[in-house]
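K.L.:
Sequence lines, in order, name chains A and B. The first sequence stops at residue 173 when you use the numbering used here, and every number in between is there. The second sequence stops at residue 173 when you use the numbering used here, and every number in between is there. No residue lacks a Cβ here, since even glycine has one placed at the ideal position from N, Cα and C. This structure is a prediction, so every number in the text was calculated from the model and none was measured. Got a structure for you, questions after.
There are 2 protein chains.
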Amino acid sequence: MIAVTYMEKDFAHLLQKNQLKITGPRLGVLQVIAQSDAAITQPALEKIMGADVDRVTLYRILKTFEEKGILHKVIDLNGTANYAICSPKCTVHEHHDEHFHFNCINCKKVYCLDDTPLQSIKIPKGFIAKDINLLISGLCDKCNPPE
Amino acid sequence: MIAVTYMEKDFAHLLQKNQLKITGPRLGVLQVIAQSDAAITQPALEKIMGADVDRVTLYRILKTFEEKGILHKVIDLNGTANYAICSPKCTVHEHHDEHFHFNCINCKKVYCLDDTPLQSIKIPKGFIAKDINLLISGLCDKCNPPE
DNA sequence: ATACAAATGCAATAATGTTGCATTTGTATT
DNA sequence: AATACAAATGCAACATTATTGCATTTGTAT
Numbered sequence: 027m028i029a030v031t032y033m034e035k036d037f038a039h040l041l042q043k044n045q046l047k048i049t050g051p052r053l054g055v056l057q058v059i060a061q062s063d064a065a066i067t068q069p070a071l072e073k074i075m076g077a078d079v080d081r082v083t084l085y086r087i088l089k090t091f092e093e094k095g096i097l098h099k100v101i102d103l104n105g106t107a108n109y110a111i112c113s114p115k116c117t118v119h120e121h122h123d124e125h126f127h128f129n130c131i132n133c134k135k136v137y138c139l140d141d142t143p144l145q146s147i148k149i150p151k152g153f154i155a156k157d158i159n160l161l162i163s164g165l166c167d168k169c170n171p172p173e
Numbered sequence: 027m028i029a030v031t032y033m034e035k036d037f038a039h040l041l042q043k044n045q046l047k048i049t050g051p052r053l054g055v056l057q058v059i060a061q062s063d064a065a066i067t068q069p070a071l072e073k074i075m076g077a078d079v080d081r082v083t084l085y086r087i088l089k090t091f092e093e094k095g096i097l098h099k100v101i102d103l104n105g106t107a108n109y110a111i112c113s114p115k116c117t118v119h120e121h122h123d124e125h126f127h128f129n130c131i132n133c134k135k136v137y138c139l140d141d142t143p144l145q146s147i148k149i150p151k152g153f154i155a156k157d158i159n160l161l162i163s164g165l166c167d168k169c170n171p172p173e
């Protein structure tokens with residue numbers, strides 16, 4: 027897991043690069059997500075942002091960020107959306123093909139393991155694979171104390 | 027994909043085997059799911075069952091079926107729950123560890139590919155994997171006509 | 001400084017999931 | 001076959017999550 031630190035200036039630039047206006051709510055969302063050590067759920071974001079950002083605005087921000095390839099969405103085992111900042115590999119129209127994530131069944135966090143390699147998967151005849159999404163569930167290092 | 031046909035008698039036996047009472051709603055749910063060639067979403071089930079089964083009852087049936095290992099739940103790319111009949115390998119307390127599914131981005135169907143083998147995945151230190159969930163998205167054979 | 005499109009916030013509504021409780025129903029027992 | 005009881009269902013109410021329309025505000029190009 028490589029820690030990446032962003033500064034507010036970077037966020038502004040990131041928005042600009044994507045033809046998005048630099049607004050408070052958007053910077054806020056990026057802040058929170060960048061500070062989290064794991065992908066963060068939409069409800070959690072909602073709580074953290076609180077009254078600063080309207081619920082609807084949050085939905086819309088997340089949607090546009092996803093479309094622009096700024097964030098990627100990970101559906102966890104409960105079907106809840108989690109968001110994380112995309113690696114630079116993610117482009118607008120074609121997200122990086124292979125997303126690997128770890129969903130802790132205790133703390134519910136979703137960690138990105140994008141750098142793990144994966145074999146090629148056999149697909150049935152006539153089926154065309156566009157994206158591969160691997161979700162491993164279990165206990166993360168923090169929830170697995172050797173006590 | 028191996029086609030498995032069930033008769034009503036089998037369903038009754040299946041329920042009995044799991045210490046579940048043989049009721050109309052339960053048989054109905056099993057019917058619908060067995061007839062589908064793919065995993066079926068909870069909302070779709072709700073529509074098909076219609077007034078025959080109360081919405082709450084449906085939720086509860088699906089939950090107990092999942093707990094008993096009769097059905098397994100697949101979360102698709104939208105975070106919607108899909109249900110399919112478990113392979114005989116699935117046991118009550120320990121679902122078969124590896125679920126492989128294909129989510130068609132056109133018709134939205136979720137196909138089970140449980141028989142595909144998978145390499146062992148590298149997990150970060152301190153992390154313990156309990157279950158692996160692989161969801162491949164793309165076009166299924168029906169939505170990929172060579173027209 | 002202005003103008004305009006983009007973004008936000010609010011209100012209303014839809015869709016989805018949950019809980020408590022009274023009633024019904026399957027099944028083991030006699 | 002009748003009974004008794006736990007299990008299952010259906011209903012109502014509610015909680016949560018997601019969407020849509022529209023008026024207002026705001027960022028930015030000019």
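Which same chain residues end up closer than 6 Å to residue 119/B when comparing Cβ atoms and leaving out the 5 residues on each side of it in sequence?
P.N.:
Counting from 1 along the second sequence, the entry for residue 119/B is found at position 93. Any answer about residue 119/B is weak, because its pLDDT of 46 lies below 50 and its placement is not dependable; what the coordinates show is given next. The answer is none, since no qualifying residue turns up.
K.L.:
Tell me which residues share the same chain as residue 103/A and place their Cβ nearer than 6 Å to its Cβ, disregarding the 5 neighbours each side in the sequence.
P.N.:
By one-based count along the first sequence, residue 103/A stands at place 77. 129, 163.
K.L.:
Considering just the uninterrupted stretch of the beta strand (DSSP E) at residue 14/B, what are its terminal residues?
P.N.:
Only positions 27 to 173 of chain B appear in the structure, and residue 14/B is not among them; the question remains open.
K.L.:
Quick test of the definition: if touching needs 3 or more C-beta pairs under 8 Å, does the stretch 47-55 of chain B touch the stretch 72-82 of chain B?
P.N.:
These segments touch.
K.L.:
What does the alpha-carbon distance come out to for the pair residue 61/A and residue 139/A?
P.N.:
What you label residue 61/A is simply residue 35 of the first sequence in a count that begins at 1. What you label residue 139/A is simply residue 113 of the first sequence in a count that begins at 1. Near 17 Å, if we compare the C-alpha coordinates of residue 139/A and residue 61/A.
K.L.:
Would you mind telling me which residues of chain B sit closer than 9 Å to residue 134/A, beta carbon to beta carbon, in chain order?
P.N.:
The residue given as residue 134/A occupies position 108 in the first sequence. Correct list: empty, because the minimum Cβ distance to chain B is about 14 Å.
K.L.:
Does any residue of chain A have a CB that is nearer than 8 Å to the CB of residue 95/B?
P.N.:
Start at 1 with the first residue of the second sequence, and residue 95/B comes out as number 69. Taking Cβ atoms only, chain A never reaches closer than 8 Å to residue 95/B, which makes this a no.
K.L.:
Find out if the Cβ-Cβ distance for the pair residue 110/A, residue 68/A is shorter than 8 Å.
P.N.:
Within the first sequence, the letter at position 84 stands for residue 110/A. Within the first sequence, the letter at position 42 stands for residue 68/A. No, the Cβ-Cβ distance between residue 110/A and residue 68/A is not below 8 Å.
K.L.:
Taking 7 Å as the limit between beta carbons, can you name the residues of its chain near residue 132/A, skipping five residues before and five after?
P.N.:
For this step, residue 132/A is matched to residue 106 along the first sequence. Cβ neighbours of residue 132/A beyond the five flanking positions: 165, 169.
K.L.:
Leaving out the 5 sequence neighbours to the left and right, which residues in its chain are closer than 7 Å to residue 87/A when beta-carbon positions are compared?
P.N.:
For the purposes of this step, residue 87/A is taken as residue 61 along the first sequence, with counting starting at 1. Around residue 87/A: 51, 52, 55.
K.L.:
Tell me residue 157/A's beta-bridge partners as DSSP assigns them.
P.N.:
Walking along the first sequence from the start, residue 157/A turns up at place 131. Residue 157/A pairs with 163/B.
K.L.:
Can you give me the start and stop residues for the beta strand (DSSP E) that residue 100/A sits inside?
P.N.:
Translated into the one-based positions of the first sequence, residue 100/A becomes position 74. Segment 97-101, the beta strand (DSSP E) holding residue 100/A.
K.L.:
Restricting to Cα atoms, I'd like to know which of 65/A, 112/A, 64/A is closest to residue 37/A.
P.N.:
For the purposes of this step, residue 37/A is identified with residue 11 of the first sequence, where counting begins at 1. For the residues 65/A, 112/A, 64/A, the minimum Cα distance to residue 37/A belongs to 112/A.
K.L.:
Under the assumption that residue 90/B contacts residue 40/B (Cβ atoms under 8 Å), give the Cβ distance between them as a whole number of angstroms.
P.N.:
In the second sequence, residue 90/B corresponds to position 64, counting from 1. In the second sequence, residue 40/B corresponds to position 14, counting from 1. That pair is no contact at about 13 Å.
K.L.:
Residue 125/B bridges to which residues according to DSSP?
P.N.:
Your numbering for residue 125/B matches position 99 in the second sequence. According to DSSP, which records beta bridges pairwise, residue 125/B is partnered with 159/B.
K.L.:
Any idea if residue 85/A is buried or exposed, counting beta-carbon neighbours within 10 angstroms, 16 or more meaning buried?
P.N.:
Here the question's residue 85/A lines up with position 59 in the first sequence. By the neighbour-count rule (16 or more Cβ atoms within 10 Å), residue 85/A is not buried but exposed.
K.L.:
Taking CB distances under 8 Å as the criterion, tell me whether residue 119/B reaches chain A.
P.N.:
Within the second sequence, numbered from 1, the residue matching residue 119/B stands at position 93. For residue 119/B, the predicted model reports a pLDDT of 46, less than 50, meaning its position is unreliable; a value from the coordinates is still stated below. By this cut-off, residue 119/B is not an interface position.
K.L.:
CB residue 63/A to CB residue 153/B, shorter than 8 Å?
P.N.:
Position 37 of the first sequence, counting from 1, holds the residue named residue 63/A. Position 127 of the second sequence, counting from 1, holds the residue named residue 153/B. The answer is no: Cβ separation not under 8 Å.
K.L.:
Using DSSP bridges, identify the partner residues of residue 65/B.
P.N.:
Sequence index remark: in the second sequence, residue 65/B carries index 39 (1-based). For residue 65/B, which the question treats as bridged, DSSP gives the partners 136/B.
K.L.:
Excluding the 5 residues preceding and the 5 following residue 161/A in the sequence, name in chain order all residues of the same chain whose CB lies nearer than 6 Å to its CB.
P.N.:
Taking the first residue of the first sequence as 1, we reach residue 161/A at position 135. So the qualifying residues of the chain are 127, 129.
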